[in-house]
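**Student:** Following this message is one structure expressed as structure tokens.
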Ligand code: 3AM
């Protein structure tokens, strides 16, 4: 039996923001536009690791634990659609430096540990709808959620009985001490 799991590093969103995002999504798009991501699964991916063995998971977690940087505020004030990946997303017009620094560090650590990293630049986003194959009008963002980010986490992605579930495995606080 394989001991590898599909892993990724991501930012978790506070529960109240998750609920507000779901509400905005439900009132802004027709129900048949795509498959909504469940509130508890809303996250911002920092680095996708792919299928990772238990040993490599431990090594990557140890590296992540050595990251020293401050928290930051994420302002969610943008939304869009990528037809190629059929994703409708929420994002930020101005990614804070801390977010880019954290994602770059985790992606570099993953690459050095042998996890394939896409050559595509990092586009911070929160996926709201999947299988959104047809272009839909995106209402002008009548929102601007400011989300304080003080930690990041390692997640496992599991697919069973037709559902994807993300399980938080470990988390780290962002502070420079
Ligand atoms: O929810 P988002 O889109 O931010 O798209 C997948 C999801 O991110 C992404 O990893 C997150 C957790 O599943 N993902 C899945 N396969 C991927 C791949 N081969 C991938 N990202 C990059 N390369």
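Numbering (this note's numbering), first residue to last: 1 to 177. The beta carbon of each residue, even a glycine, is placed where N, CA and C say it ideally should be.
Among the residues of its own chain, which have a CB less than 7 Å from the CB of residue 96, if the five just before and after it don't count?
**Tutor:** On the chain shown, residue 96 is found 96 positions in, with the first residue counted as 1. So the qualifying residues of the chain are 72, 73 and 74.
**Student:** What beta strand (DSSP E) runs, 3 residues minimum, are completely inside the segment 27 to 81?
**Tutor:** Runs found: 43 to 52 and 72 to 76.
**Student:** Starting from residue 161 and walking both ways along the beta strand (DSSP E), at which residues does that stretch end?
**Tutor:** Mapped onto the chain shown, residue 161 falls at position 161. From DSSP, residue 161 is part of no beta strand (DSSP E); its letter is neither H nor E.
**Student:** Distance, Cα to Cα, residue 33 vs residue 19?
**Tutor:** Taking the first residue of the chain shown as 1, we reach residue 33 at position 33. Taking the first residue of the chain shown as 1, we reach residue 19 at position 19. The alpha-carbon atoms of residue 33 and residue 19 are separated by roughly 19 Å.
**Student:** Less than 8 Å between the C-beta atoms of residue 6 and residue 130, yes or no?
**Tutor:** Locating residue 6 in the chain shown gives position 6, counting from the first residue. Locating residue 130 in the chain shown gives position 130, counting from the first residue. No, the pair does not count as a contact, with Cβ atoms beyond the cut-off.
**Student:** Below 8 Å between beta carbons: does that hold for residue 101 and residue 69?
**Tutor:** For the purposes of this step, residue 101 is taken as the residue at position 101 of the chain shown. For the purposes of this step, residue 69 is taken as the residue at position 69 of the chain shown. Against a cut-off of 8 Å, the Cβ pair of residue 69 and residue 101 comes out as a contact.
**Student:** Quick one: any contact between the segment 128 to 142 and the segment 104 to 112, if contact means 3 or more CB pairs under 8 Å?
**Tutor:** At 8 Å Cβ cutoff, the stretches do not touch.
**Student:** With a cut-off of 8 Å on the beta carbons, I'd call residue 153 and residue 167 a contact; round off their distance for me.
**Tutor:** In the chain shown, the residue the question calls residue 153 occupies position 153. In the chain shown, the residue the question calls residue 167 occupies position 167. Incorrect: roughly 10 Å between the Cβ atoms, too far for contact.
**Student:** Can you tell me where the beta strand (DSSP E) holding residue 91 begins and where it ends?
**Tutor:** Position 91 of the chain shown, counting from 1, holds the residue named residue 91. 87 to 91 is the span of the beta strand (DSSP E), which, as asked, contains residue 91.
**Student:** Have a look at residue 91 and residue 76 and give me their C-alpha separation to the nearest angstrom.
**Tutor:** Taking the chain shown and counting its residues from 1, the one referred to as residue 91 is at position 91. Taking the chain shown and counting its residues from 1, the one referred to as residue 76 is at position 76. Near 5 Å, if we compare the C-alpha coordinates of residue 76 and residue 91.
**Student:** I'd like the span of the beta strand (DSSP E) that includes residue 11, first residue to last.
**Tutor:** By one-based count along the chain shown, residue 11 stands at place 11. First-last of the beta strand (DSSP E) with residue 11: 5 to 12.
**Student:** Among 3, 11 and 4, which has the Cα closest to the Cα of residue 150?
**Tutor:** In the chain shown, counting from the first residue as 1, residue 150 sits at position 150. Measuring from the Cα of residue 150, the nearest candidate turns out to be 11.
**Student:** Our contact map puts residue 210 next to residue 138 with C-beta atoms below 8 Å; I'd like the distance itself, whole angstroms only.
**Tutor:** In the structure as shown, the chain begins at 1 and stops at 177. Residue 210 is therefore absent and cannot be evaluated.
**Student:** Can you tell me whether residue 22 is helix, strand or coil according to DSSP?
**Tutor:** Taking the chain shown and counting its residues from 1, the one referred to as residue 22 is at position 22. Note: residue 22 maps to helix in three-state DSSP.
**Student:** At a cut-off of 7 Å, would you count residue 8 as near the ligand 3AM, judging by its Cβ distance to the nearest heavy atom?
**Tutor:** What you label residue 8 is simply residue 8 of the chain shown in a count that begins at 1. True, at least one ligand heavy atom lies under 7 Å from that Cβ.
**Student:** So, is residue 29 buried or exposed, given that buried needs 16 or more other C-beta atoms within 10 angstroms?
**Tutor:** Stepping through the chain shown from its first residue, residue 29 is reached at position 29. Under this definition residue 29 is a buried residue.
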